[in-house]
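K.L.:
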Amino acid sequence: AQIDFQVLIVGEIWFLKLKTHQFNDENFGWDGTFKNEKVSGNFVWVATVKFEDGTEEVLKGSVLLIR
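In our numbering, the protein residues as written are 25 to 91.
This is the structure we're talking about:
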């Protein structure tokens, strides 16, 4: 089954958009860097999931990255 899955991660002055078509893709994710620099702080994320039947669900949250 193909599910479109997009995540937007928002930093203080930047954002990172991740996109995949396979919900269980092991390579899909964020390694905690931006432009090859390790970042830390509180980040907001928004995920949009589009299912095969055309319905969409939006999930939101935050993550605190401490180094």
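Virtual Cβ for every residue (Gly too), placed ideally from N, Cα, C. These figures come from a predicted structure and were not determined experimentally.
Could you name the residues that DSSP lists as bridge partners for Gly85?
P.N.:
BP columns for Gly85 point to Trp69.
K.L.:
For Trp38, which residues of its own chain have a beta-carbon under 7 Å away from its beta-carbon, when the five flanking residues on both sides are left out?
P.N.:
These residues qualify, in order along the chain: Phe58.
K.L.:
Exposed or buried, Ile27, counting other C-beta atoms within 10 Å across all chains shown (16 or more means buried)?
P.N.:
Classification of Ile27: exposed, given that the 10 Å Cβ count is below 16.
K.L.:
On the CB-based measure, 16 or more other CB atoms within 10 Å of its CB, does Ile90 come out buried or exposed?
P.N.:
By the 10 Å Cβ count, Ile90 comes out exposed.
K.L.:
CB Val87 to CB Val70, shorter than 8 Å?
P.N.:
Contact flag unset, no.
K.L.:
Roughly how many angstroms separate the alpha carbons of Leu40 and Glu76, rounded to a whole number?
P.N.:
Those two C-alpha atoms are separated by around 25 Å.
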